[in-house]
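Beneath this line is the structure, given in structure tokens, with notes to follow.
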Amino acid sequence: MQHLAQTCELDFQQRSGALMMFRTSRELELAQPMMELLGEIGGRHELLDIEAARQLEPALSTETAFHSALYIPDDWSGNCPLFVRQMKSLAQDKGVEFHFNTEVQAIRPEIGGVSFQVEGRSIDTDAVVVAAGSDSVRLLKAIGISLPLYPVKVYSASTPIQEYELAPQLSVFDDTYRVGLTRLGKRIRIAGCAELGSSSFDLNQKAVNTLVKVGDDWFPNAANYRTASFWCGPAAMLPEGVPLLGATRYSNVFINTGHGAGAWALAAGSGKLMADLISQKRTEIDMDGLTLTRYGDRMR
Ligand SMILES: Cc1cc2nc3c(=O)[nH]c(=O)nc-3n(C[C@H](O)[C@H](O)[C@H](O)COP(=O)(O)OP(=O)(O)OC[C@H]3O[C@@H](n4cnc5c(N)ncnc54)[C@H](O)[C@@H]3O)c2cc1C
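In my numbering, the protein residues as written are 100 to 399.
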């Protein structure tokens with residue numbers, strides 16, 4: 100993603116550094132495998148006691164007790180919708196056409212090509228990439244490919260900063276509630292929660308209350324979290340937690356879905372792999388474990 104930002108001169112990245120808050124010693128214990136993995140992949144990290152954590156992030160509320168915090172200096176955060184808007188305009192400059200509010204009803208693989216049904220019309224094309232989030236299941240099932248893909252609803256709240264001195268400098272992740280809190284320009288964005296199996300856009304009050312609680316717990320006077328703009332949407336999740344990418348048994352139908360919690364962080368790398376595969380170039384990483392063969396499905 101950072102490479103993409105540099106090569107395409109995109110400006111969506113905000114700041115780096117994250118603090119993962121452990122409220123109890125048990126949470127720290129459960130985080131050991133994650134910390135070991137960070138070490139194995141060379142990710143810089145430092146376990147901080149309460150005093151050191153407060154020195155690094157002085158705006159942390161003194162009212163909320165915690166056991167320790169993990170500092171990850173190279174973690175970074177950015178504005179996902181801003182990135183998407185910038186990518187859209189770059190793509191349009193290169194001739195890409197977008198058709199919003201246009202539902203693909205079916206995909207029809209044919210010998211030497213593929214077509215898709217949209218608004219009662221059949222459109223022929225060279226190749227199709229199914230990247231329809233959790234709706235990918237329906238489109239693929241109709242051509243005989245079954246996926247264990249489920250929607251998991253995630254939530255976010257965005258609210259203007261009222262007191263800049265009291266707002267976070269680092270991204271803060273609350274390990275108890277699995278909710279992250281980040282300063283994005285003049286706003287604070289709180290995101291997380293996971294509602295299994297739901298693809299509706301209705302806000303669940305319990306999830307909204309959790310986001311507000313996390314804001315109030317760590318940075319109570321930085322903003323009014325109750326009047327935030329709340330949003331929720333389905334993320335497509337697979338049991339293994341890694342996305343499903345690549346070819347199918349049909350030579351012109353490809354899949355790019357199931358990014359789950361990795362979501363945006365996996366988007367650019369997945370897109371690059373797909374572009375290389377479709378243009379029959381060598382992929383930069385081994386595709387083993389990422390393709391349909393992990394479900395015993397054959398590929399072309
Ligand atoms: C406001 C906002 C903020 C976000 N912030 C973050 C963030 O900070 N960090 C992060 O990791 N992720 C974030 N995300 C999520 C992330 O951008 C993506 O949702 C994630 O990368 C998954 O992308 P996707 O394209 O695979 O699936 P989706 O985002 O679910 O997109 C699938 C698309 O396919 C369309 N579709 C489905 N069926 C059909 C059909 N039959 N015909 C035509 N179209 C169809 C859907 O309408 C949808 O537009 C954010 C999303 C939004 C909206």
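For each residue, glycine too, the CB sits at the ideal point set by N, CA and C.
For clarity, every value in this text was computed on a predicted model and none was experimentally measured.
Candidates the options, of which the one nearest residue i by Cα
{"i": "Ala256", "options": "Leu269, Asn308, Ala366", "result": "Asn308"}
{"i": "Ala294", "options": "Gly359, Leu137, Ile206, Arg184", "result": "The question names Ala, but residue 294 in the sequence shown is Glu. Looking at the Cα atoms, Gly359 is the closest of the given residues."}
{"i": "Asp301", "options": "Trp175, Gly332, Ile384", "result": "Gly332"}
{"i": "Thr356", "options": "Glu150, Asn178, Leu246, Ile140", "result": "Leu246"}
{"i": "Ile206", "options": "Ala241, Gly194, Ala230, Asp173", "result": "Ala241"}
{"i": "Pro342", "options": "Leu169, Ser221, Arg393, Thr224", "result": "Arg393"}
{"i": "Ala164", "options": "Leu365, Lys305, Phe318", "result": "Phe318"}
{"i": "Gly395", "options": "Arg348, Ser378, Gln379", "result": "Arg348"}
{"i": "Met120", "options": "Ser188, Arg277, Asn323, Ala306", "result": "Arg277"}
{"i": "Ser378", "options": "Trp363, Leu365, Ala346, Gln304", "result": "Ala346"}
{"i": "Thr258", "options": "Gly194, Asp315, Thr123", "result": "Asp315"}
{"i": "Leu239", "options": "Pro208, Tyr263, Arg220", "result": "Pro208"}
{"i": "Phe199", "options": "Tyr263, Ala231, Ser221", "result": "Ala231"}
{"i": "Ala366", "options": "Pro132, Ile140, Met186", "result": "Met186"}
Cβ pair residue i, residue j closer than 8 Å
{"i": "Val228", "j": "Phe329", "result": "no"}
{"i": "Arg115", "j": "Thr281", "result": "In the sequence on display, residue 115 carries Ser and not Arg. Result no, Cβ atoms of Ser115 and Thr281 do not sit closer than 8 Å."}
{"i": "Pro267", "j": "Glu162", "result": "no"}
{"i": "Leu344", "j": "Thr275", "result": "no"}
{"i": "Ala335", "j": "Leu265", "result": "no"}
{"i": "Ile289", "j": "Val313", "result": "yes"}
{"i": "Ala130", "j": "Leu147", "result": "no"}
{"i": "Ala117", "j": "Asp174", "result": "yes"}
{"i": "Phe250", "j": "Ser188", "result": "The sequence given here places Pro at residue 250; Phe does not occur at that position. The answer is no: Cβ separation not under 8 Å."}
{"i": "Gly142", "j": "Ile171", "result": "yes"}
{"i": "Val217", "j": "Thr201", "result": "yes"}
Neighbourhood of residue i by C-beta distance below 7 Å, restricted to the same chain and skipping five residues each side
{"i": "Thr382", "result": "Leu372, Asp375, Leu376"}
{"i": "Arg153", "result": "Leu159"}
{"i": "Arg286", "result": "Ser257, Thr258, Pro259, Ile260"}
Beta-carbon contacts of residue i that lie in its chain and below 8 Å, excluding the five residues immediately before and after
{"i": "Gly212", "result": "Asp223, Thr224, Asp225, Asn351"}
{"i": "Arg439", "result": "Any question about residue 439 goes unanswered here, given that the chain covers just 100 to 399."}
{"i": "Leu134", "result": "A small correction: the amino acid at residue 134 is Met; Leu does not occupy that position in the sequence shown. Cβ within range, chain order: His144, Leu146, Leu169."}
Residues of its chain near residue i, where Cβ-Cβ distance is below 6 Å and the 5 sequence neighbours each way are ignored
{"i": "Ser124", "result": "His166"}
{"i": "Val236", "result": "Leu246, Leu248"}
Integer Cβ distance of residue i from residue j, believed to fall under 8 Å
{"i": "Ser270", "j": "Gly284", "result": "Contact doesn't hold; Cβ gap of about 14 Å is too wide."}
Legend entry - Whole alpha helix (DSSP H) elements within the stretch 164-236, 4-residue minimum: 179-192
Legend entry - Residue ranges of each beta strand (DSSP E) within the stretch 310-380, 3 or longer: 328-336, 343-346, 352-356
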